[in-house]
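Following: one structure in structure tokens, then a few remarks.
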Amino acid sequence: MAEKVLMIALSPTMEEGTIVAWHKKKGERVESGDVLCEVETDKATMDYESTQSGVLLEILKKEGEKARVGEVIAVLGEEGEDISSLLSEISAAAEETPKAGSEPDRPPAVEAPSPKEEPGPQGAQGRVAGGGVEDLRGRAALEVPPPAGRVKASPLARKRARELGVDLRLVRGSGPGGRVTVRDVEEAAKAGPAASPAASGGPRRLAGGREPVTPMRAAIARRLSESKRTAPHFTLTVKVRADRLLTLREQVNEGRQERLSFNAFLMKLAAEALVRHPQILSSWEGEAIRYFDTVDIGLAVALPGGLITPVVRSCEYKTVEEIDRELKDLIARAREGGLSPEEYTGAGFTISNLGSYGITEFTAIINPPASAILAVGAVTTEPVWEGGGVVPARVVRLTLSCDHRTIDGAVGAAFMAGLARYVEEPGRALV
Amino acid sequence: MARDERVFLMGEEVGEYDGAYKVSRGLLVKYGPKRVIDTPISELGFTGIGIGAAIAGLRPVVEWMTHNFAILAMDQVINNAAKMRHMSGGQLKVPIVFRGPNGPAEYLSSQHSQSLAAFWMHVPGLKVVAPATPYDAKGLLKSAIRDDDPVVMLEAELMYAWEGEVPEEEYLVPIGKADIKRPGKDVSVITYSKPLKVVMEAAKVLEERGVDVEVVDLRSLRPLDTETIFSSVRKTHRAVVVDEAWPMCGPASFVAWAVGKACFDDLDAQVEIVTSEDVPMPYNHTLELAVQSSVEKVVAAVSRVLYLE
């Protein structure tokens, strides 16, 4: 019997996807696990593997067309099967639901029960959805594990993309399975700044004009405005002396080939402070506050086309060296667009460090589902009153943005006091 | 032989019969039975005698009726010819040439129709050359005879009938230097010996489809001219290696690995190999042709690396 093939959420935040290419033709046999098509999500272009078997009787969303999660993109069934009534049912349903992309703020059109009617831990088809109040998109993502979001590109294309400053994730590949070739990269570079933010040269006049929003930029815009709008932010700033921490780092790095980063030390100290102030590791879920049971910390990393927060899991159990090694790997792969969704989502706490740009102090927007984000400024040498005189000291300003629904001022302040002590006297974190 | 009286030829039917494939035609009359020596059917024995003569200061050319029979002489070649210089700390040298037909022929079945290039190429201490044109054959044979190390020369049986320009005058083709037989910009097809013909025909077919093939003729399998191979691949960014040996641990596999390793960042596609199928040679002629590399197989492999399929 003919079955509808629905657009599924291929990333946790995906609401709609664009069909980049169909790998199966109408009339072709599809086995469960075959790549049916490629879908450009808000994060990357991913393979859509069929969970059903049958003959591809109809393709309802052509290449280049968008489909919301839950929308019918194709019909599978037996060869020669009459699907006219199913098709008219699908087109009638489509008329009732808004067109993809027309009203981005409305919830996705889906056939499964809405999450409001079914708030318990049972997900669609009776599967346990995990967090309890996961929305339907989250459940779909659990049911169909998304393939790794690595961009398929030839080694030469990767090298050329680095040279030209082209973001590979924004390049459409013409090779097999969408592999990006060097020609695709060079054409993308020629096409302009959408894919090549670093391209330069020519007369000293800015290009101007309009640039279509990439799925990644759209996801950043949506998530951050949602966070800023719904989470009542307040911020706490503390100026701390970093002399001892910096000296410790210098000592530890002496003679090491791979130098441990300042961020890895900060993550470790933050993890120690979070263990002692677990209320910070919380998430507002409307009817409940969820408390995380591991210290998973995200680090905001700037990419040519936006930003991503790779997550180091269970920092409380890891050494600075382990955190540093993981961070370096995650950051390197993030820059190549090679992180899978589980590697950049679900952090209970986030750190954003703009110190390398010379920014001394700033506030950051909370990265949901976390309730707090730590903004780290540059280390500066400043005169400090000490022992009856003024001495030069290296200081850093830390600003915590908190969601007031889960974190009250005093709770946030206590955490910051704890963190400040660890930064000023890192040895305390050992005790 | 005229230039250096230390050079002599030995092998089965090289004298009275003028060579099993007439390669030594007229040499017995010209140089006499002391320098053109017919041997009994005893590969291990006469190969060993040749190696001994080389160590003693002569420059023998040992002809194997085919490389298939040379399998019997492998112990002498691998353990003595290839290693004496190393094991004597440079005190002994073995200036010998082993030559004879190699590779698939016609109607000779599994034991007499196979490419054994990898067996020799595998051994440090040996040099291995494989000409694909009459011009290169003359130049490489002269270089091989003048070389102070043992050189194995692979001559494809079916190539003996090929014609081509060969200057009368003296010239040498250096060992270890590949040759670009056809310049092109879209894909490097790397080959050696007899398959060169198939590759050149495939290049013509591909040219009609707008694909500009660069053909690299290795000529020397050991040492391998990686500089020419890599610079070609770095220009075209795509590579297909064509070989008439089997695929596993064969010359093509080695070249493909070397290209993948050295040119990783310059490749725009996977490296493909076209070899004989991984089976003993069938006697049936249709199957005999089907298991070997062909124009169609080369065109298909090039199309794969160009993503035209």
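In the order they appear, the protein sequences are chains A and B.
Counting from 3, one number per residue, gives the positions in the first sequence under our numbering.
Counting from 40, one number per residue, gives the positions in the second sequence under our numbering.
Heads up, the beta-carbon is just placed ideally off N, CA and C, and yes, glycines get one too.
Owing to the predicted nature of the structure, the values given are computational and were not obtained by experimental measurement.
Quiz prompt | Bridge partner(s) assigned by DSSP for L58 (chain A) | solution = A:L78
Self-check item: As assigned by DSSP and simplified to three states, the class of F264 (chain A)
Solution: F264 (chain A) sits in a helix when the DSSP states are folded into three classes.
Practice problem: Mind listing the chain A neighbours of R303 (chain B)? Cutoff is C-beta to C-beta under 7 Å, in chain order. | Solution: It should be pointed out that residue 303 (chain B) corresponds to Phe in this sequence rather than to Arg. The CB of F303 (chain B) comes closer than 7 Å to the CB of P157 in chain A, given here in chain order.
Quiz item: Would you say T47 (chain A) faces chain B, with C-beta separation under 9 Å as the test?
Solution: Against chain B, the CB of T47 (chain A) has no partner CB under 9 Å away; the residue lies outside that interface.
Practice problem: Return the first residue and the last residue of the alpha helix (DSSP H) that I325 (chain A) is part of. | Solution: It spans V322 to R337 - the alpha helix (DSSP H) in which I325 (chain A) sits, taken as one unbroken run.
Exercise. Using 10 angstroms around the beta-carbon of R124 (chain B), count the other beta-carbons present and answer buried if the total reaches 16, otherwise exposed.
Key: buried
Practice problem: Run down chain A in chain order and give the residues with a C-beta less than 9 Å from the C-beta of D251 (chain B). | Solution: Those do not exist, as D251 (chain B) stays about 15 Å from chain A at its closest Cβ, beyond 9 Å.
Practice problem: State the Cα-Cα distance for the pair V41 (chain A) and G339 (chain A), rounded to the nearest angstrom. | Solution: Cα to Cα, V41 (chain A) sits roughly 15 Å from G339 (chain A).
Quiz item: Of all the options B:K274, B:S259 and B:D186, which has the alpha carbon lying nearest to the alpha carbon of E253 (chain B)?
Solution: Nearest option by C-alpha distance: B:K274.
Practice problem: Verify the CB distance criterion: does T216 (chain A) have a CB-CB separation below 9 Å to chain B? | Solution: When Cβ-Cβ separations below 9 Å define contact, T216 (chain A) makes no contact with chain B.
Exercise. Quick one: give me the first and last residue of the alpha helix (DSSP H) that D410 (chain A) is part of.
Key: Here D410 (chain A) belongs to no alpha helix (DSSP H), and DSSP marks it neither H nor E.
Quiz item: So, helix, strand or coil for K6 (chain A), using DSSP?
Solution: strand
Self-check item: Beta bridge counterpart(s) of H235 (chain A) as assigned by DSSP
Solution: A:D405
Quiz item: Along the chain, where does the beta strand (DSSP E) that runs through I135 (chain B) open and close?
Solution: From DSSP, I135 (chain B) is part of no beta strand (DSSP E); its letter is neither H nor E.
Quiz prompt | As assigned by DSSP and simplified to three states, the class of I94 (chain B) | solution = helix
Quiz item: Where does A94 (chain A) land, buried or exposed, given buried means 16+ other C-beta within 10 angstroms?
Solution: exposed
Quiz item: At a cut of 8 Å, does the region 93-111 of chain B reach the region 131-146 of chain B through at least three beta carbon pairs?
Solution: yes
Self-check item: Span separating the alpha-carbon of D305 (chain B) from that of I361 (chain A)
Solution: Roughly 39 Å separates the two Cα atoms.
Quiz item: Closest by CA to R261 (chain B), which one among B:L165, B:D175, B:L97 and B:G129?
Solution: The shortest Cα separation from R261 (chain B) among B:L165, B:D175, B:L97 and B:G129 belongs to B:L165.
Quiz item: Taking all protein chains shown into account, do 16 or more other C-beta atoms lie within 10 angstroms of the C-beta of G89 (chain B), making it buried, or fewer, making it exposed?
Solution: buried
Quiz item: Does any residue of chain B bring its CB to less than 9 Å from the CB of E145 (chain A)?
Solution: In this predicted model, E145 (chain A) has a pLDDT of only 34, less than 50, meaning its place in the structure is not dependable; the value taken from the coordinates is given anyway. No, E145 (chain A) does not count as interfacial toward chain B.
Quiz item: Should G339 (chain A) be flagged as near chain B, meaning a C-beta pair shorter than 9 Å?
Solution: no
Quiz item: Hey, out of B:S227, B:S292 and B:P234, whose CA is closest to A157 (chain B)'s CA?
Solution: The shortest Cα separation from A157 (chain B) among B:S227, B:S292 and B:P234 belongs to B:S292.
Self-check item: Collapsed DSSP secondary structure at G122 (chain A) in the structure displayed
Solution: Note that G122 (chain A) scores 39 on pLDDT, short of 50, meaning its location in the model is unreliable; the coordinates nonetheless yield the value given after this. The answer is coil: DSSP assigns G122 (chain A) none of H, G, I, E or B.
Quiz item: So which of B:K61, B:L147, B:M49 and B:V68 has the shortest CA-CA distance to P79 (chain B)?
Solution: If we check each option's Cα against that of P79 (chain B), B:M49 comes out closest.
Quiz item: Name the DSSP bridge partner or partners of Q153 (chain B)?
Solution: B:G142
Quiz item: Within this structure, are the beta carbons of V330 (chain B) and L245 (chain B) separated by less than 9 Å?
Solution: no
Quiz item: So which residues on chain A does L306 (chain B) lean against when the C-beta distance must stay under 9 Å?
Solution: S156, P157 and L158
Quiz item: For R181 (chain A) and chain B, any beta-carbon pair shorter than 9 Å?
Solution: yes
Quiz item: Between the C-alpha atoms of A297 (chain B) and V228 (chain B), what's the straight-line distance to the nearest angstrom?
Solution: 14 Å
Quiz prompt | Top-ranked residue by Cα proximity to G300 (chain A), from A:A336, A:H279, A:Q281 and A:E287 | solution = Of the candidates A:A336, A:H279, A:Q281 and A:E287, the residue whose Cα lies closest to the Cα of G300 (chain A) is A:A336.
Exercise. Mind reading off the beta-carbon distance from H406 (chain A) to F236 (chain A)? Whole number of angstroms is fine, and I expect it under 8 Å.
Key: The Cβ separation is near 6 Å, so the contact holds.
Quiz item: Going by the beta-carbon positions, is the gap between S152 (chain B) and E316 (chain B) smaller than 9 Å?
Solution: no
Quiz item: Does S316 (chain A) get closer than 9 Å to chain B when you measure Cβ to Cβ?
Solution: no
Quiz item: Going along the region 274-290 of chain B in order, which residues come within less than 8 Å of chain A, judged by CB to CB distance?
Solution: For the region 274-290 of chain B, which is checked against every Cβ of chain A, the residues closer than 8 Å are H276.
Quiz item: Interface residues of chain B around V184 (chain A) at Cβ under 9 Å?
Solution: By Cβ distance, chain B contributes H276 and D307.
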